[in-house]
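Below is one structure, written out as structure tokens; comments come after it.
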Amino acid sequence: MALPEDAYRVQQIFGTFATEGHPMGKFTWGNETTLNTGIPDEALHTKLHELRLKYYSGHYMTLAVQARLSLDALQELVCNIFSQNYMTLAVQARLSLNALQELVCNIFSQVPNNKLARPSYTHLEFPFPVDKFHCLCRVVPTKEEHNVEVKWALPSLLSHYQTKPLHYISHLLGHEGQGSILSFLKKK
């Protein structure tokens with residue numbers, strides 16, 4: 167088991183509400199003991215390398231570059247090393263152009279491109295059945311603190327990321343002014 171952090175315990179309980187077989191229901195954290203238990207070293211090694219071959223690929227990565235150089239110099243540096251279809255790159259350093267170029271080349275030019283399509287998770291159904299998710303869970307804390315967590319199971323908002331709907335909801339719920347939801351809950 168991981169250290170008995172309340173947040174980890176709540177996360178694990180939350181996962182038990184997921185539909186059977188959905189990734190949200192997987193065991194998502196642990197420590198050296200949990201990683202070394204129940205699977206032989208060879209099998210673990212094989213599985214980790216399968217994952218590396220599948221997901222460690224330049225076209226899944228992003229790299230940003232920031233330096234005290236002109237835009238043209240940065241663009242030339244990046245274009246000489248990286249293909250636009252291969253990797254997006256960002257680096258911030260107080261180095262000369264030559265030192266930055268050497269650093270970036272040495273570290274990132276070896277990253278392979280497996281040319282596989284990006285993983286898609288759109289086929290996954292909504293992870294939480296409504297009848298299981300509408301509930302009150304009381305968790306005895308391990309620390310001398312008490313928290314109230316309200317969780318909603320929302321559909322994917324990825325297509326709305328530019329308008330930040332969750333930021334808007336968070337602001338409305340977290341606003342502490344008179345007549346706000348939070349001030350009402352604090353009075354209760």
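Per this note's numbering, the sequence shown starts with residue 167, numbered consecutively. Glycine included, each C-beta is placed from N, C-alpha and C at the ideal position. This structure is a prediction, so every number in the text was calculated from the model and none was measured.
query: Which whole-angstrom value describes the C-beta separation of Leu240 and Ala230, a residue pair presumed to lie in contact below a C-beta threshold of 8 angstroms?; result: Not confirmed; about 10 angstroms, so no contact.
query: Should the segment 172–183 be called in touch with the segment 300–318, which here means at least 3 C-beta pairs below 8 angstroms?; result: yes
query: Are the segment 198–215 and the segment 258–267 touching by the rule of at least three beta carbon pairs closer than 8 angstroms?; result: no
query: Along the alpha helix (DSSP H) that carries Ala355, what are the first and last residues, could you check?; result: In the structure displayed, the chain extends from 167 to 354; residue 355 sits before or after that span and is not available.
query: Roughly how many angstroms lie between the CA atoms of Thr212 and Ser236, to the nearest whole one?; result: 45 angstroms
query: From Glu342, Ala319, Tyr222, Gly343, pick the residue whose C-alpha is nearest to that of Leu332; which is it?; result: Ala319
query: Measuring CA to CA, which of His225, Leu339, Val244, Trp195 is closest to Pro285?; result: His225
query: Rounded to the nearest angstrom, what separates Thr334 and Asn272 at their Cα positions?; result: It is Tyr, not Thr, that sits at residue 334 in the sequence shown. Looking at the two C-alpha atoms, the distance is approximately 42 angstroms.
query: Would Ala184 be called buried (16 or more neighbouring beta carbons within 10 Å of its own) or exposed?; result: buried
query: Can you tell me the Cα-Cα spacing of Pro295 and Gly191, whole angstroms?; result: 12 angstroms
query: How many angstroms separate the CA atom of Asp172 from the CA atom of Leu243?; result: 47 angstroms
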